[in-house]
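**Student:** Have a look at this one before I ask anything.
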């Protein structure tokens, strides 16, 4: 009984994920700053931001649905945390493993987006509502390519369990190479899921102020920020586990260090992507996802089926 | 789809100054724009009538934070014309030099703002870093980063040494190289081009009939530039191209601005090579003889017009400032028609608006017969209190508290 509690609260659960998420936010911001020829924040900045937000007054608009308004940040946080439990970190055995965990992780990672939508919708402010609608429009654009991209490697591995997928690719490392297209598709779709440039349309500050989060302040905003940071880590971990499934047989310590390196690599790519692009318009984003990303993901599936024939 | 009215401003992250745009949306598409100006009225023109000519040079320099030299030169030119002063050629060249440096810093600033408005913060950081080069140059030449205080009636206040002028050539080399890079970015970066081209279209006919000036007009192939058409300062001795573009959209306005930067470098190189020796100022009389003059000046944002009427005293009778933004604002609602909400910030930014330079108060004399009146300060205050009371805002409790506090 004691072990599950430890897993959920300390490692690899809440506490570890918090610290790791802040560390990754720092890395992301620092890289972004360095690439833009700026100095960037000190290492404790994400934590300091969180403490500041948490200690501030929280204002709930009288027009807003108070229960939904308060519930949504918690829902987003919980969903991300639960998803993390299914991802193999240092060995091929995650805390929770069963046939079908890939689908569950993708589903759990969709929940925060839905929470953003409901949060924006229930704040009933003009900017929040527009942001919420954009969040949902964007979800329909990137979700399909992301799911397809993650499913393609699963087809080759003949399993819907993340743990078993990692084991399969550990045994056949060369088979990860054809998944490169899927890796790129997943990275771009993940950028959309995290609502970062060029897909930060739902919270485009120069157009709709804070978008979904316009009315949020204090502790609730802090929780949302934390959930987004964690989502980045969990998303990066998922991409790393599916497309970079190396080194899980090296033992817990080396495997864990390698895991950190892989997440850092994915975060680096995400930061690079947001440095070199401008924000797209919502219709450009949807067009891009359906015209290029989804066909690329379909092609990856086709490739996986062909490989299945050969192997 | 139901129509939504969304307020952009008076307070909004996309606007650096308060101004109100109420945009009626159908989905994400703009149906109608309602513009309200006047949040930034500072009474500069009235203040100019209360001050002497020399004081006015400094006051009008503060009309705009970015094209400060434009306004002070424009005013000084008008006064010099009334007083019949001939400004020495060296002073003309120095005025032109500062004017072009100002254009460089304004256009680089605009490029960064445009990048920020479309969510391309990297461009903002890069171009503002390079803008520091020209800001430092201005500071080393004039002693100030923004309000240079170079002009006086009858010339300029500072002379430059040969070393200072030769040092400019090196700065121009650095800036030219950076600008070439920005031209490359603007013409090749796909996401940036996607966000800029086809946005905020203003046809040539509309640009002419709505009186668009400066880069906004020139991007709709309105081939007008005061520097060439009605040369002032040293521009008649200098050769440069007037950049026009046929894109008619925000992308065209971007191209015009970055290419104008290249022309400015060319102009500054010529100034350094050609600047004549001699005095930099002539003595101006304290009292300017009666008369009036209109002065035109090509500010970075477009044509700036000053009208000055003198009455023989040391204070002007009337000063009228027409900042370029006022001329361009009319075309904004045309540009916004049928665009997306996402394009509002960049379309607004593309005219390089400077709202505080623009806002004036005009008293319209009623012709219909209703009596117009001028309110005294006290009656204006009472009118304000009544206006708010009608709308359910009651300040009397607050006022009572304030008086109590004041008594303590």
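Chains as they are written, first to last, in my numbering: chain Z, 11 to 321; chain V, 14 to 421.
By construction, the Cβ of each residue, glycine as well, lies at the ideal position given by its N, Cα and C atoms.
(1) Spell out whether any CB of chain V is found under 8 Å from the CB atom of residue 291 of chain Z.
(2) Please decide whether residue 72 of chain Z counts as near chain V, where near means a Cβ-Cβ distance under 8 Å.
(3) Run through the region 146-193 of chain Z for me and flag every whole alpha helix (DSSP H) of 4 or more residues, listed as ranges in chain order.
(4) Scan the region 92-117 of chain V and note each continuous alpha helix (DSSP H) run of 4 residues or more that stays entirely inside, going in chain order.
(5) Take residue 53 of chain Z and list the residues in its own chain whose beta-carbon comes closer than 7 Å to its own, dropping the five residues that flank it on each side.
(6) If we call anything under 8 Å between Cβ atoms a contact, is residue 257 of chain Z one with residue 265 of chain Z?
(7) Identify the contact partners of residue 41 of chain V in chain Z, using a Cβ-Cβ distance below 7 Å as the criterion.
(8) Going along chain Z in order, which residues have a C-beta closer than 8 Å to the C-beta of residue 26 of chain V?
(9) Compute the Euclidean distance between the alpha carbons of residue 16 of chain Z and residue 173 of chain Z, then round it to the nearest angstrom.
(10) In chain V, what lies closer than 8 Å to residue 208 of chain Z by C-beta?
(11) Can you find the residues in the same chain that come closer than 7 Å, C-beta to C-beta, to residue 12 of chain V, ignoring five residues on each side of it along the sequence?
(12) Taking the straight line between their C-alpha atoms, what separation do you get for residue 122 of chain Z and residue 71 of chain Z?
(13) Please state the DSSP three-state secondary structure of residue 238 of chain V.
(14) Rounding to the nearest angstrom, what Cα-Cα distance links residue 188 of chain Z and residue 351 of chain V in this structure?
(15) Whose C-beta lies closer than 6 Å to the C-beta of residue 64 of chain Z among residues of the same chain, with five residues either side of it excluded?
(16) Let's test the definition: count the other Cβ atoms within 10 Å of the Cβ of residue 344 of chain V and tell me whether it reaches 16, buried, or not, exposed.
(17) Considering only the alpha carbon of each residue, which of V:247, V:277 and V:24 lies closest to residue 109 of chain V?
(18) Residue 307 of chain Z: which of Z:75, Z:84, Z:162 and Z:80 sits nearest, CA to CA?
(19) By Cβ distance below 6 Å, which residues in the same chain neighbour residue 81 of chain Z in space, the five residues on each side in sequence not counted?
(20) Considering only C-alpha positions, which residue in the set Z:240, Z:312 and Z:251 is nearest to residue 101 of chain Z?
(21) Report the residues of the region 285-317 of chain Z with a CB closer than 8 Å to any CB of chain V, ordered along the chain.
(22) To which residues of the same chain is residue 58 of chain V closer than 6 Å at the C-beta, ignoring the five residues directly before and after it?
(23) In the DSSP assignment, what residue or residues form a beta bridge with residue 329 of chain V?
(24) Select from the region 30-62 of chain Z all residues with a C-beta closer than 8 Å to any C-beta belonging to chain V, and list them in chain order.
(25) Any chance the region 233-249 of chain V sits against the region 157-165 of chain V, with 3 or more Cβ pairs inside 8 Å?
(26) Residue 188 of chain V and residue 250 of chain V: beta carbons closer than 8 Å?
(27) Buried or exposed for residue 391 of chain V, going by 16 or more other Cβ atoms inside 10 Å?
(28) Kindly confirm or deny that the region 81-98 of chain V and the region 261-271 of chain V touch, where touching means at least three C-beta pairs closer than 8 Å.
(29) Within 10 angstroms of its Cβ, does residue 77 of chain Z collect 16 or more other Cβ (buried), or is it exposed?
(30) Do residue 159 of chain Z and residue 202 of chain Z have their CB atoms nearer than 8 Å?
(31) Drop a sphere of 10 angstroms on the beta-carbon of residue 46 of chain V, count the other beta-carbons inside from all chains shown, and report buried for 16 or more, exposed for fewer.
(32) Alpha carbon to alpha carbon, how far is residue 176 of chain V from residue 183 of chain V?
(33) Would you say residue 192 of chain V faces chain Z, with C-beta separation under 8 Å as the test?
(34) At 4 residues or longer, what runs of the alpha helix (DSSP H) sit wholly inside the region 233-297 of chain V?
(35) Can you grab the Cα-Cα spacing for the pair residue 282 of chain V / residue 121 of chain V, in whole Å?
(36) Since residue 336 of chain V and residue 371 of chain V should fall inside the 8 Å C-beta cutoff, what is the C-beta to C-beta distance between them, to a whole number of angstroms?
**Tutor:** Looking at the atomic coordinates:
(1) Translated into positions along the first chain, residue 291 of chain Z becomes position 281. It does; some Cβ of chain V falls within 8 Å.
(2) In the first chain, the residue the question calls residue 72 of chain Z occupies position 62. It does not: the Cβ of residue 72 of chain Z has no partner Cβ on chain V nearer than 8 Å.
(3) 172-181
(4) none
(5) Within the first chain, the letter at position 43 stands for residue 53 of chain Z. For residue 53 of chain Z, where only same-chain residues beyond five positions count, the Cβ hits under 7 Å are 36.
(6) The residue given as residue 257 of chain Z occupies position 247 in the first chain. The residue given as residue 265 of chain Z occupies position 255 in the first chain. Yes.
(7) Position 28 of the second chain holds residue 41 of chain V. Correct list: 292.
(8) Here the question's residue 26 of chain V lines up with position 13 in the second chain. Simply 215, 216 and 219.
(9) Numbered from 1 along the first chain, position 6 holds the residue referred to as residue 16 of chain Z. Numbered from 1 along the first chain, position 163 holds the residue referred to as residue 173 of chain Z. Taking the straight line joining both Cα atoms gives about 21 Å.
(10) Counting from 1 along the first chain, the entry for residue 208 of chain Z is found at position 198. 132 and 204, listed in chain order.
(11) Residue 12 of chain V cannot be examined here, being either before or after the span of chain V that is shown, 14 to 421.
(12) The count along the first chain starts at 1 and reaches residue 122 of chain Z at position 112. The count along the first chain starts at 1 and reaches residue 71 of chain Z at position 61. Those two C-alpha atoms are separated by around 22 Å.
(13) The residue given as residue 238 of chain V occupies position 225 in the second chain. Looking at residue 238 of chain V - three-state DSSP - the assignment turns out to be coil, as it is neither helix nor strand.
(14) As a position in the first chain, residue 188 of chain Z is number 178, starting the count at 1. As a position in the second chain, residue 351 of chain V is number 338, starting the count at 1. Cα to Cα, the separation comes out at about 45 Å.
(15) Looking up residue 64 of chain Z in the first chain gives position 54. Here the set comprises 229 and 232.
(16) Within the second chain, residue 344 of chain V is the residue found at index 331, counting from 1. When all chains shown are included, residue 344 of chain V counts as buried.
(17) Here residue 109 of chain V refers to the residue found at position 96 when the second chain is read from its first residue. The option with the nearest alpha carbon to residue 109 of chain V is V:247.
(18) In the first chain, counting from the first residue as 1, residue 307 of chain Z sits at position 297. Minimum Cα distance to residue 307 of chain Z is reached at Z:162.
(19) On the first chain, position 71 is the one that residue 81 of chain Z refers to. Excluding positions up to five away in sequence, the list is empty.
(20) Here residue 101 of chain Z refers to the residue found at position 91 of the first chain. Ranking Z:240, Z:312 and Z:251 by Cα distance to residue 101 of chain Z puts Z:251 first.
(21) 285, 286, 287, 288, 289, 290, 291, 292, 293 and 294
(22) Within the second chain, the letter at position 45 stands for residue 58 of chain V. The residues are 332.
(23) In the second chain, counting from the first residue as 1, residue 329 of chain V sits at position 316. Partner(s): V:323.
(24) 45, 46, 47 and 48
(25) no
(26) Residue numbering aside, residue 188 of chain V sits at position 175 when the second chain is read from its first letter. Residue numbering aside, residue 250 of chain V sits at position 237 when the second chain is read from its first letter. Not in contact: residue 188 of chain V and residue 250 of chain V (Cβ atoms no closer than 8 Å).
(27) Your numbering for residue 391 of chain V matches position 378 in the second chain. Residue 391 of chain V should be labelled exposed.
(28) no
(29) Along the first chain, one-based indexing puts residue 77 of chain Z at 67. Answer is exposed; the Cβ neighbour count stays below 16.
(30) Taking the first residue of the first chain as position 1, residue 159 of chain Z is located at position 149. Taking the first residue of the first chain as position 1, residue 202 of chain Z is located at position 192. Not a contact, by the Cβ cut-off of 8 Å.
(31) For the purposes of this step, residue 46 of chain V is taken as residue 33 along the second chain, with counting starting at 1. Classification for residue 46 of chain V: buried.
(32) Taking the second chain and counting its residues from 1, the one referred to as residue 176 of chain V is at position 163. Taking the second chain and counting its residues from 1, the one referred to as residue 183 of chain V is at position 170. About 11 Å.
(33) Against the second chain, residue 192 of chain V aligns to sequence position 179. No, because no Cβ of chain Z sits closer than 8 Å to the Cβ of residue 192 of chain V.
(34) 239-242 and 263-287
(35) One-based indexing of the second chain puts residue 282 of chain V at position 269. One-based indexing of the second chain puts residue 121 of chain V at position 108. If you take the alpha carbons of residue 282 of chain V and residue 121 of chain V, they lie about 19 Å apart.
(36) Position 323 of the second chain, counting from 1, holds the residue named residue 336 of chain V. Position 358 of the second chain, counting from 1, holds the residue named residue 371 of chain V. Indeed, because the Cβ distance is near 5 Å, the residues count as touching under 8 Å.
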